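With positions in the sequence shown counted from 1, the corresponding number in our numbering is that position plus 106. By construction, the Cβ of each residue, glycine as well, lies at the ideal position given by its N, Cα and C atoms. Predicted, not measured: the structure shown is a model, and the values here were computed from it.
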Amino acid sequence: MARGRPAMVNTGALLLVGIVLLQGLPAPAGATVTIVKDDYENTPLHMAEAVQGMTGKLECNITSQIDGDRATLVIWYKGGLSIPLYTYDARDPQREGSHRTSNTSFDGRANFHPRRTPAYLEIRQTKSSDSGVYRCRVDFHKSPTRNTRVQLSVIIPPEKLQIVDATGHSIPHYILGPYNEGASANFTCVASGGRPTPTVNWWYDNEIVNHSSTVLSERRVKNTLILSRLERKHLKAVFTCTASNNNVTNPISASVTLDMNLRPLLVSLPGKNRALSANHTYDLQCEVHGSRPAPIVTWWKGSVQMRGHQETTDAEGNVTVSILTFRPTIDDMGKHLSCRAEMAVIPDAGKEDGWNLIIHHVPVVTLEYGTNYNYTSSIREGADVYFECNIKSNPWVYKVIWRHQGKELLNNPSEGIIVSNQSLVLQNVSRSRAGLYTCVGSNQEGDGESNPVHLDIKFAPVCRPGLATVYNVGRNEQARIACELEANPPEVAFVWKHNTSVSETLDIPVTHVTSEHAKSIFRFKPISESDYGTLLCWGSNEIGTQTEPCVFNLIPAGKPDPLSNCTILNQTFDMVQIECLEGFDGGLQQEFLADMYVIGNRQLIGSIKTRVPLFELKGLEPGVGYNIYLSAKNSKGSSDLTYLQAFTVKNPEKQTDLSLVYAPTLHQIKPFIGTLVGAVAAVISLASIVVCVTRLRGGSGSGADRDGRAGDCSQMSTNDASGLSQSLPLDGELAREQLQQCNGSV
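Structure representation (structure tokens):
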């Protein structure tokens with residue numbers, strides 16, 4: 107048998123068997139099924155593809171080349187089998203073509219579409235077993251039979267992808283890393299399953315970055331992506347692996363995201379290079395950009411690490427801010443303050459920023475004596491003194507002033523004060539120049555005052571200003587005379603002398619004097635009138651002897667003089683105001699008294715005591731007359747009484763005579779006071795003459811008149827209508843007894 111020739115068989119019998127099989131009839135006896143070997147094997151082979159589970163189309167041309175001819179029978183075979191898989195029978199032109207399929211082949215999944223151009227056999231939900239060569243046999247009414255071969259390839263997509271790291275381990279949560287910036291990374295994608303063998307690709311930013319696949323086995327293919335140097339752009343970069351073996355279905359894919367550790371890009375100190383004020387508190391800010399994770403931030407002053415800072419990182423993790431609470435001092439001037447950001451996971455990734463501190467401060471001022479002069483020895487009155495003011499200041503001072511005892515010193519050469527910026531010269535100093543000296547430097551930060559320097563000027567003793575020089579002492583009364591001096595040094599030797607009232611000068615023995623430093627006490631008791639006079643006190647120290655002595659006058663002490671010129675200043679319904687002139691106080695401290703009686707009544711209704719001779723008698727009855735007795739008093743006794751009468755104004759609601767309501771005021775009667783005083787003085791002189799004559803006539807037997815106890819009551823009423831008073835020649839205590847007896851008749 108020639109090669110390629112089909113075996114000779116009974117074609118009629120074969121056709122009959124096929125029809126019988128399609129119709130479900132038993133094959134005739136003697137019919138055999140054999141592999142058909144015909145010329146169709148030499149026909150062109152058409153290719154068709156279908157993805158497993160999807161629809162496959164096997165095309166077959168059923169159009170005749172003869173006009174008016176038509177296909178009457180279409181039979182589909184698979185491989186070299188002669189058993190039809192699918193038959194379309196259109197031999198009866200009066201009926202629709204019938205479709206027959208083998209139940210074991212397609213399970214109802216196949217359907218032929220003869221009216222499409224070209225016609226095709228549709229296979230739904232294709233399976234791997236559907237792959238193979240199909241033959242379409244077409245019988246025509248007129249034309250010879252035509253065979254068409256179609257190669258159906260059922261594609262099985264890849265099943266799954268797995269991404270592993272360089273060590274072959276799976277990647278949790280599909281996040282790779284973290285990798286350090288600048289490091290390399292490689293990771294592999296493995297595709298399992300699929301026919302034909304799939305192609306595995308790596309994608310980044312919508313571009314294929316690696317398409318080199320390696321077949322590991324019949325069902326496994328890998329692709330390894332190598333990144334030689336990771337850059338900042340790779341942070342959170344998504345790399346996608348795809349696997350595909352057809353153009354119909356979408357490739358399967360898996361993605362991983364890169365996590366990275368990034369170096370700090372920038373460290374900055376906003377507001378650096380500004381000047382800071384010493385002893386002020388600042389919150390300095392350091393910003394670190396681009397670090398991932400948050401950096402370790404440290405602050406440094408020179409080589410000393412600083413504490414007291416806090417860090418915060420923004421929500422995106424890109425910017426970390428560190429706040430340092432910093433209180434600079436003067437000593438920080440010129441030191442380098444820096445902020446440093448470092449990464450524990452990336453060696454040598456640190457960055458820093460800083461500046462040399464500029465510290466402004468209040469001037470630091472020190473005062474000392476001039477360096478060219480020796481002040482270790484004593485400075486005496488008449489010497490010249492030099493001071494120098496040393497200043498450390500930033501910014502430099504715009505003003506320097508000098509102070510003595512807290513008061514500013516101005517340049518005054520005529521007074522021996524020469525101020526020259528940072529120098530002070532005191533010429534021909536006196537003891538008044540002694541005390542504390544300071545200099546003050548001023549700049550924009552404030553005023554800085556120096557240490558005080560005490561200028562100690564040595565001088566001979568002098569009397570202390572304000573020293574009591576008059577002593578009022580009674581006979582047999584001990585006086586304590588204090589001689590207080592100003593002297594430097596204060597170790598003083600004293601000399602006392604006594605000039606008596608009879609022009610006799612006596613040296614006072616040191617045994618009668620108590621002295622300590624610059625103070626000496628002499629206790630002295632005058633016995634007779636000649637003991638009064640003056641006391642003289644001198645002092646001497648290592649500088650010299652006092653040039654002018656301290657002089658103390660000893661005056662006999664006694665009762666004070668009576669008040670004079672007592673005047674009613676004001677009269678109201680319930681108050682009388684009286685002012686008097688005080689007399690000699692008797693050498694002792696005095697006070698002033700006022701006693702009040704209603705005219706015609708002996709009962710004392712009020713008494714007041716004051717330090718000055720101004721009396722305000724309050725709470726009085728309206729329209730009432732009062733006898734008022736005024737006196738001065740010291741430790742030696744009371745003065746003679748001064749008497750006057752005063753009347754309160756009547757209540758206006760009960761007053762009918764308005765002339766009594768509006769009594770003349772003090773300024774209205776002052777022009778008449780002089781005249782009245784002269785008249786009163788004349789009356790008193792006349793009365794004195796009368797009294798003397800009366801006493802001479804009465805002899806020594808009228809002792810009651812001499813002690814003032816039995817005097818005429820009329821003598822105690824010496825006030826006239828002007829409101830002026832006279833003194834009564836009575837001892838204050840005795841007078842009070844007498845006026846209580848007489849007051850009822852006055």
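| Check | Outcome |
| --- | --- |
| Backbone secondary structure at Thr363 - three-state DSSP | strand |
| Candidates Pro666, Val616, Cys643 and Lys665: closest to Pro655 by CA position | Cys643 |
| contact_flag[the region 355 to 367, the region 428 to 444] where n(CB pairs < 8 Å) is 3 or more | no |
| DSSP-derived helix/strand/coil call for His415 | strand |
| Straight-line Cα distance separating Glu622 from Ile485 | 24 Å |
| Between the CA atoms of Ala196 and Ser188 - distance to the nearest angstrom | 20 Å |
| Close Cβ partners of Val722 (< 6 Å) along its chain, the five nearest in sequence each way excluded | In the sequence as displayed, the identity of residue 722 is Glu instead of Val. Closer than 6 Å at Cβ, skipping near neighbours: Gln683. |
| Arg539 versus Ala624 - alpha carbon distance | 20 Å |
| Coarse secondary structure for Asn582, derived from DSSP in three states | coil |
| Whether Val568 touches Asn647 by CB criterion (8 Å) | no |
| Among Asn594, Ala588, Ser607 and Pro595, nearest to Val601 - alpha-carbon criterion | Ala588 |
| Unbroken beta strand (DSSP E) run spanning Thr748, endpoints | Thr748 to Phe753 |
| Residues near Gln696 by beta carbon distance below 7 Å, same chain, minus five either side | Pro666, Ala738, Lys739 and Asn740 |
| Distance, Lys407 Cα to Leu372 Cα | 20 Å |
| Where Thr617 sits in the DSSP three-state scheme | helix |
| For Asp826, three-class secondary structure by DSSP | Because Asp826 carries a pLDDT of 42, less than 50, the predicted location of this residue cannot be relied on, and the following value inherits that uncertainty. Coil at Asp826, not helix or strand. |
| Closest by C-alpha distance to Phe293, when choosing among Thr330, Gly283 and Leu322 | Thr330 |
| For Cys295 and Ile269, believed in contact at Cβ under 8 Å, the rounded distance | 5 Å |
| Cβ shell of Pro728 (< 6 Å), same chain only, five flanking positions each side left out | Phe679, Thr754, Lys756 and Asn757 |
| Close-in-space but distant-in-sequence residues of the same chain around Ser374 (CB under 6 Å, 5 per side omitted) | Glu393 and Asp459 |
| CB-CB length for Pro399 against Asn367, believed under 8 Å | 7 Å |
| Burial state of Pro370 (16 or more Cβ within 10 Å) | buried |
| Contact between the region 377 to 394 and the region 298 to 308 (3+ Cβ pairs under 8 Å) | no |
| Beta-carbon spacing of Asn659, Thr544 below 8 Å | no |
| Where Gln129 falls, given that 16 or more other Cβ within 10 Å makes a residue buried | Any reading at Gln129 must be qualified, since the residue scores a pLDDT of 41, below 50, and its modelled position is unreliable; the value itself is stated next. With fewer than 16 other Cβ atoms within 10 Å, it is exposed. |
| Cut-off 8 Å between Cβ atoms - residues of its own chain near Ala585, not counting five sequence neighbours on either side | Tyr577, Val579, Arg629, Phe630, Lys631, Pro632 and Leu660 |
| Pairwise C-alpha distance: Ala447 and Ile402 | 6 Å |
| Rounded C-alpha distance that separates Asp818 from Tyr735 | Caution applies to Asp818, whose pLDDT of 42 falls short of 50 and renders its modelled position unreliable; the value that the coordinates give is listed next. For Asp818 and Tyr735, the distance between alpha carbons rounds to 17 Å. |
| At least 3 beta-carbon pairs within less than 8 Å: the region 151 to 167 vs the region 246 to 256 | yes |
| Collapsed DSSP secondary structure at Pro278 in the structure displayed | helix |
| Start and end residues, beta strand (DSSP E) containing Ala156 | Leu151 to Val157 |
| CA-to-CA distance, Ala384 to Glu494, given in whole angstroms | 25 Å |
| With 16 other Cβ atoms within 10 Å as the buried cut-off, status of Tyr749 | buried |
| Option nearest Phe218 by Cα separation, candidates Gly203, Trp502 and Thr210 | Gly203 |
| For Arg243, three-class secondary structure by DSSP | strand |
| Through-space distance from Gly414 to Thr435, alpha-carbon basis | 16 Å |
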